[in-house]
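>
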Amino acid sequence: MLKIEDLHVYYGGIHALKGIHLEVPANKIVTLVGANGAGKSTTLRAISGLVPITRGKITFQGEEITKTKTVDIVKKGVTLVPEGRRIFANLTVLENLNMGAFARKDKEEIKKDIEKIYAMFPRLKEREWQAAGTLSGGEQQMLAIGRALMSRPTLLMMDEPSLGLAPLLVKEVFKIIRDIYQDGMTILLIEQNATAALQVADYGYVLETGNIVLEGPGKELAANDEVRKAYLGKA
Numbered sequence: 001m002l003k004i005e006d007l008h009v010y011y012g013g014i015h016a017l018k019g020i021h022l023e024v025p026a027n028k029i030v031t032l033v034g035a036n037g038a039g040k041s042t043t044l045r046a047i048s049g050l051v052p053i054t055r056g057k058i059t060f061q062g063e064e065i066t067k068t069k070t071v072d073i074v075k076k077g078v079t080l081v082p083e084g085r086r087i088f089a090n091l092t093v094l095e096n097l098n099m100g101a102f103a104r105k106d107k108e109e110i111k112k113d114i115e116k117i118y119a120m121f122p123r124l125k126e127r128e129w130q131a132a133g134t135l136s137g138g139e140q141q142m143l144a145i146g147r148a149l150m151s152r153p154t155l156l157m158m159d160e161p162s163l164g165l166a167p168l169l170v171k172e173v174f175k176i177i178r179d180i181y182q183d184g185m186t187i188l189l190i191e192q193n194a195t196a197a198l199q200v201a202d203y204g205y206v207l208e209t210g211n212i213v214l215e216g217p218g219k220e221l222a223a224n225d226e227v228r229k230a231y232l233g234k235a
């Protein structure tokens with residue numbers, strides 16, 4: 001579904017991505033793990049058109065999107081749940097969900113999708129008219145995921161969805177990821193909790209200072225001694 005070839009990105013004088021290659025097949029969960037500063041978020045931002053690409057090629061469903069504007073990438077079916085949630089704090093829960101559908105014109109279908117989100121996240125329904133900034137961290141993460149789903153993506157990218165959440169909420173977020181995947185969604189996941197990410201992923205890539213140094217099925221990477229020592233805190 002998504003293919004990245006020889007992707008190079010610079011931030012000022014920093015060579016953030018150094019020619020990475022990766023693929024995300026349809027109806028799979030693919031995870032990208034690595035230390036802070038390895039280039040994980042930069043990869044998602046490059047796919048979304050949020051940072052300029054110096055060299056390389058990104059194709060989605062056979063169509064090149066390397067130089068495509070972000071709004072058009074969303075319309076093609078690629079949506080990002082950003083790190084830190086980035087909900088609109090002064091807007092209500094409902095207004096945030098409607099913002100997720102900004103590129104759509106099918107008002108009746110939008111209403112139906114909002115009800116689907118409420119069925120998935122009943123707590124959002126209970127807080128429909130509440131300012132999003134007053135929600136708990138877990139509820140804000142649910143809202144960020146719900147807002148992304150409102151664009152009806154075929155590829156959902158998630159950047160550190162468990163960041164800053166209590167352990168019980170982390171489990172809930174990963175249950176949500178599995179539920180969305182089982183409904184047919186393709187997911188590209190970046191996650192600080194490498195153990196959980198590799199356990200849920202069909203395939204994984206390990207990124208170090210802008211280079212992919214290892215790749216393989218998620219559970220195989222989770223059992224790899226190098227990965228366990230570097231990212232899972234286990235010798």
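Numbering (UniProt numbering), first residue to last: 1 to 235. Beta carbons are placed, not taken as given, at the ideal position from N, Cα and C, and that holds for glycine.
Would you list the one or two residues that DSSP bridges to His8?
According to DSSP, which records beta bridges pairwise, His8 is partnered with Lys18 and Arg55.
> Can you list, in chain order, the residues of its chain with a C-beta nearer than 8 Å to that of Val78? Leave out the 5 residues immediately preceding and following it.
Result list for Val78: Leu2, Ile47, Ser48, Phe60, Ile65, Pro153, Thr154, Leu155 and Met157, in chain order.
> Taking only three categories from DSSP, how would you classify Ala103?
Coil at Ala103, not helix or strand.
> Hey, Ala38 and Leu207 are a contact pair by Cβ (cut 8 Å); roughly how many whole angstroms apart?
With 8 Å as the limit, Ala38 and Leu207 qualify as a contact, their Cβ atoms being about 4 Å apart.
> Put Gly39 into one of helix, strand or coil per three-state DSSP.
Here Gly39 sits in coil by DSSP.
> By Cβ distance, which residues of its chain are closer than 8 Å to Arg178, with the 5 residues on each side in sequence left out?
Closer than 8 Å at Cβ, skipping near neighbours: Val200.
> Pick out whichever of Lys107, Val81, Gly210 and Leu50 has its Cα sitting closest to the Cα of Val173.
Considering only alpha carbons, the answer is Val81.
> When DSSP labels each residue in this structure, what does Gly210 get in the three-state scheme?
Correct three-state label for Gly210: coil.
> Pull up the DSSP beta-bridge partners for Gly137, would you.
BP columns for Gly137 are empty, so no partner.
> In whole angstroms, what is the alpha-carbon distance linking Thr186 and Val71?
Cα-Cα distance, rounded: 19 Å.
> Can you give me the Cβ contacts of His8 inside the same chain, cut-off strictly under 8 Å, excluding the 5 residues immediately before and after it?
Only His15, Leu17, Lys18, Gly19, Ile53, Thr54, Arg55 and Gly56 meet the Cβ criterion.
> If you measure between the beta carbons of Gly133 and Asn90, is that distance less than 8 Å?
Closer than 8 Å, so yes.
> Does the beta-carbon of Asp113 have 16 or more other beta-carbons within 10 angstroms, so that it is buried, or is it exposed?
That one is buried.
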